[in-house]
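Trainee:
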Amino acid sequence: MTAASTTLRGVLVAFAAYAVFAFSDASIKALHGTVPSLQVAFTGAILSLAALPFIKGPGDSWLDIFRTTNRPLWLVRFVAGATGAIASIITFTKLPMAEAFCLLFLLPSFVTILSVILLKEDVRWQRWAAVIVGFLGVLVVLRPGFRELSVGHLAATIGAISAAIAIVILRKLGPAEKRLSLYGASLLGTLIVSGLLMLSQVVVPSPQQWLFLASYGLLGAAGNVMLMTAARLAPATLIATPQYSQMIWAIAFGYLFFNDSVDLPMALGIVLIICSGLLTLIRERKRQVPLPAAVASGDAQSQIATTPVEGDIEAPTR
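First residue of the sequence shown? That's 1 in the numbering used here, and the numbers climb one at a time after it.
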């Protein structure tokens, strides 16, 4: 098999992975808030354990889930993972799917801002222009002052910021940190935080609700495994861009199943936000740093799948 055909397979698998993530997020929306968000997060985290055997490397120990080269940053990922997962679930529960994705797709802009603040990166005007375009797109979508904003909008913003913090920490830790540890920090954070907070509002799901919960958790885990497979077949720079196909799925699901609609201002805002993200990805590709893949996934784990780690052939030089 030629290198070109292998790369094409990787890109196609990435498109399939992002479709699976979109179906996972639609499962949250299908619950219509009938199951508390904290319980959804806990159940999804339990089911996400299914991805661990695929993330565990040949020389890894299961104890590496708890090990790290930097405990303070690992704990920040622990908190950011829990916050991002819970906030994303609230977002898809409260907002139309396309609008939820619009706000969550601000993640590359937040990564740029936090990289300047926390990593002291030198950000040139092109990346700042992408950030401005992204925020203009959000203003067009939300139209503050002309429509009422809700807790869903706040949750989406918190979710995007939390995921951005997780990615910046991932960059700070570097390729020496094992994927199992990175995945474990966010997964354990979601399990423990949502598990403790949900105790006062647990409900017994109906068979149909169990189906949607299983779809959310298992499809999220499957998407991560597929994205890791794509990363082995093609460079991360090529499998990050297809994430924006999730917006197509969001619009389709919203229209077909949830009676959502997209008006002209929202369509314009979506275009601006996608352009912002693509500009950022282009700049990140030139700088050869880990890319924020699958930024709108509800499980907040998917950036691990395309993260170079120690021993990877394509680990970026710094």
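All C-beta atoms in this analysis are idealised placements derived from N, C-alpha and C, irrespective of residue type, glycine included.
The structure displayed is predicted, hence computed values, not measured ones.
Between the alpha carbons of L256 and T112, how many angstroms are there, rounded?
Mentor: So the alpha carbons of these two residues sit roughly 35 Å apart.
Trainee: Alpha helix (DSSP H) containing L104: first to last residue?
Mentor: Start and end: 97-104.
Trainee: Below 9 Å between beta carbons: does that hold for L233 and T7?
Mentor: Yes, the pair counts as a contact, with Cβ atoms nearer than the cut-off.
Trainee: Let me know if H153 comes out buried or exposed under the rule of 16 or more other beta-carbons within 10 Å of its beta-carbon.
Mentor: Classification for H153: buried.
Trainee: Under 8 Å: do the stretch 11-18 and the stretch 29-42 share three or more Cβ pairs, one atom per stretch?
Mentor: Output reads no: the stretch 29-42 does not touch the stretch 11-18.
Trainee: Label T69 either buried or exposed according to how many other C-beta atoms from any shown protein chain fall within 10 Å of its C-beta, with 16 as the threshold for buried.
Mentor: Counting Cβ neighbours within 10 Å, T69 comes out exposed, since fewer than 16 surround it.
Trainee: In terms of alpha-carbon separation, which member of T229, T190, S194, A80 lies closest to T157?
Mentor: The residue with the shortest Cα to Cα distance from T157 is A80.
Trainee: Touching or not, the stretch 113-125 and the stretch 260-268, by the rule of three or more beta carbon pairs under 8 Å?
Mentor: No: fewer than three Cβ pairs fall under 8 Å.
Trainee: Would you list, in sequence order, the uninterrupted alpha helix (DSSP H) runs of no fewer than 4 residues that lie entirely inside the stretch 137-191?
Mentor: For the stretch 137-191, whole alpha helix (DSSP H) runs of length 4 or above, ordered along the chain, are 151-173.
Trainee: How should G10 be labelled, buried or exposed, when 16 other C-beta atoms within 10 angstroms of its C-beta is the threshold for buried?
Mentor: By the neighbour-count rule (16 or more Cβ atoms within 10 Å), G10 is buried.
Trainee: On a Cα-Cα basis, can you pick out the residue from A45, I86, P58 that is closest to G159?
Mentor: The candidate whose alpha carbon is nearest that of G159 is I86.
Trainee: Suppose the cutoff is 6 Å on Cβ atoms and the five residues either side in sequence are ignored; what does the same chain contact list for I165 look like?
Mentor: Only A80 meet the Cβ criterion.
Trainee: Can you tell me whether L219 sits near the ligand MN, meaning its C-beta is under 8 Å from at least one heavy atom of the ligand?
Mentor: The model depicted lacks the ligand MN and carries no ligand whatsoever.
Trainee: Locate the alpha helix (DSSP H) running through A223, then write down its first and last residues.
Mentor: At residue 223 the sequence reads Gly, which differs from the Ala that was named. Run containing G223: 207-233, per the alpha helix (DSSP H) assignment.
Trainee: Suppose the cutoff is 8 Å on Cβ atoms and the five residues either side in sequence are ignored; what does the same chain contact list for Q209 look like?
Mentor: For Q209, where only same-chain residues beyond five positions count, the Cβ hits under 8 Å are L31, T34, V35.
Trainee: Taking 7 Å as the limit between beta carbons, can you name the residues of its chain near P292, skipping five residues before and five after?
Mentor: At P292 the pLDDT is 43, less than 50, meaning the model places this residue with poor confidence and gives no usable figure here.
Trainee: Identify the continuous alpha helix (DSSP H) that holds D25 and give its terminal residues.
Mentor: Where D25 is concerned, the enclosing alpha helix (DSSP H) stretches over 3-30.
Trainee: At the level of alpha carbons, what is the spacing between S5 and M228?
Mentor: Rounded to whole angstroms, S5 to M228 spans 18 Å at the Cα level.
Trainee: Taking C-alpha atoms, which residue in G223, V140, S206, L199 lies nearest to Q246?
Mentor: Out of G223, V140, S206, L199, G223 has the C-alpha closest to the C-alpha of Q246.
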